[in-house]
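Mapping of the sequence shown onto the working numbering: position 7 corresponds to residue -8, and the numbering continues sequentially without gaps.
To start, the structure itself, in structure tokens.
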Amino acid sequence: MLKQLELLMDNLNSAIVGKKDVIEEVIIALISNGHLLIEDVPGVGKTTLAKALAKSIDLTYKRVQFTPDLTPSDITGISVYDKDSGGFIFKKGPIFCNIFLADEINRTSPKTQSSLLQAMEEFEVTTENEHFLLDKPFLVLATQNPIEYQGTFPLPEAQLDRFFMKISIGYPNKDDEKKILKNYLELKNLDHIKPVLTKSELLSISKEVEEIIVHDEILEYILDIVNLTRNYKSIALGASPRASIDILKASKSMAYLSNRDYVIHDDVKKIINPVLRHRLVLSAEARLEKRNIDEVIDDMIKKLYIGGVYA
């Protein structure tokens, strides 16, 4: 089914110009059944990306602007009195969709943020007396602004760990931004985006990804990386066992996109930064040296041996 994924990439590349690496990371998360945290400045295309993804697979899409007064029931739903039956019925919230865009998630309270936790981890919503399963696939795209810290509530480590990847779209270069302006002049919006992949095909692809072969040496390599994060001088908080699983899942998806039925070391290295960057906490010394987490991860990977040589 690689042909369908290539068509999906073409669709997304037509909506988000010049960001092929970002598109690849989004598709890896999609076929791995993982959630994405997008940390970026306003106006670079986060909402456009989510809409284009939903339209390309004919999925349901909902967007919620997270604000300080947002409540958990605004996301998950609420029980309302039904005068005909004389009882309460559950009115489903916007989270009951395939792609849920949580815009500026760090602008709402921790209580409301936590209402996403169960849905992200268990793919279900629990009320007082009932459990409601979410439709599959279910993907949370959460955005946060790296600049505007005033009036924000940083996501706790427990919630950050539930995001499969953290990515950044970034500003376009001059040539790509010129294409964006031309698209605007030609009144090109997302109307040209047509479904190129069915929901059932996407679920089948996810099952095929699960069948990708992972040899013991790859498992050892993943474990070496994770253990190094827990014993590295520049890192105060290392990766969790959940991170190990997500590295494995992302590596299998990368192998699938590379048209291989087995994982190699390069698959792991290509996905390691987006999978780990939001889970690790820099040490005080590293922060004083003004190091960023991607630099630390890159330096750490170089210290690992593969087949007797440095990675």
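Note that the Cβ used here is the ideal one computed from N, Cα and C, for glycine as well.
Could you tell me whether the Cβ atoms of residue i and residue j are closer together than 8 angstroms?
{"i": "residue 260", "j": "residue 232", "result": "yes"}
{"i": "residue 203", "j": "residue 263", "result": "no"}
{"i": "residue 8", "j": "residue -6", "result": "yes"}
{"i": "residue 65", "j": "residue 76", "result": "yes"}
{"i": "residue 120", "j": "residue 2", "result": "no"}
{"i": "residue 37", "j": "residue 175", "result": "yes"}
{"i": "residue 42", "j": "residue 241", "result": "no"}
{"i": "residue 144", "j": "residue 102", "result": "yes"}
{"i": "residue 337", "j": "residue 85", "result": "Look at the range of the chain in this structure, -14 to 296, and you will see that residue 337 is not part of it."}
{"i": "residue 228", "j": "residue 268", "result": "no"}
{"i": "residue 27", "j": "residue 130", "result": "yes"}
{"i": "residue 190", "j": "residue 257", "result": "no"}
{"i": "residue 180", "j": "residue 18", "result": "no"}
{"i": "residue 47", "j": "residue 178", "result": "no"}
{"i": "residue 95", "j": "residue 51", "result": "no"}
{"i": "residue 281", "j": "residue 243", "result": "no"}
{"i": "residue 223", "j": "residue 25", "result": "no"}
{"i": "residue 194", "j": "residue 248", "result": "no"}
With residue i as the anchor, note down where its alpha helix (DSSP H) starts and where it stops.
{"i": "residue 105", "result": "95 to 107"}
{"i": "residue 7", "result": "5 to 16"}
{"i": "residue 240", "result": "226 to 242"}
{"i": "residue 169", "result": "159 to 170"}
{"i": "residue -10", "result": "-13 to 0"}
{"i": "residue 184", "result": "184 to 195"}
Run through DSSP, which three-state label would residue i get?
{"i": "residue 64", "result": "strand"}
{"i": "residue 116", "result": "strand"}
{"i": "residue 295", "result": "Summary for residue 295: the model assigns pLDDT 49, below 50, so the residue's position carries little reliability, and this model does not support an answer."}
{"i": "residue 127", "result": "strand"}
{"i": "residue 209", "result": "helix"}
{"i": "residue 270", "result": "helix"}
{"i": "residue 256", "result": "helix"}
{"i": "residue 283", "result": "helix"}
{"i": "residue 48", "result": "strand"}
{"i": "residue 204", "result": "helix"}
{"i": "residue 137", "result": "coil"}
{"i": "residue 214", "result": "helix"}
{"i": "residue 88", "result": "strand"}
{"i": "residue 220", "result": "strand"}
{"i": "residue 152", "result": "strand"}
{"i": "residue 249", "result": "coil"}
{"i": "residue 288", "result": "coil"}
{"i": "residue 198", "result": "strand"}
I need the boundaries of the beta strand (DSSP E) containing residue i, first residue and last residue.
{"i": "residue 38", "result": "It is not in any beta strand (DSSP E) - residue 38 instead sits in the alpha helix (DSSP H) that spans 31 to 41."}
{"i": "residue 143", "result": "First-last for residue 143: 142 to 145, but that is the alpha helix (DSSP H), not the beta strand (DSSP E)."}
{"i": "residue 24", "result": "21 to 24"}
{"i": "residue 76", "result": "72 to 77"}
Quick one: is residue i buried, meaning 16 or more other Cβ sit within 10 Å of its Cβ, or exposed?
{"i": "residue 278", "result": "buried"}
{"i": "residue 5", "result": "exposed"}
{"i": "residue 128", "result": "buried"}
{"i": "residue 31", "result": "buried"}
{"i": "residue -9", "result": "exposed"}
{"i": "residue -14", "result": "exposed"}
{"i": "residue 294", "result": "Reliability of the predicted coordinates at residue 294 is poor, the pLDDT of 49 falling under 50, and no value is obtained from them."}
{"i": "residue 147", "result": "buried"}
{"i": "residue 285", "result": "buried"}
{"i": "residue 34", "result": "buried"}
{"i": "residue 10", "result": "buried"}
{"i": "residue 97", "result": "buried"}
{"i": "residue 93", "result": "buried"}
{"i": "residue 182", "result": "buried"}
{"i": "residue 0", "result": "buried"}
{"i": "residue 169", "result": "exposed"}
{"i": "residue 273", "result": "exposed"}
{"i": "residue 206", "result": "buried"}
{"i": "residue 201", "result": "exposed"}
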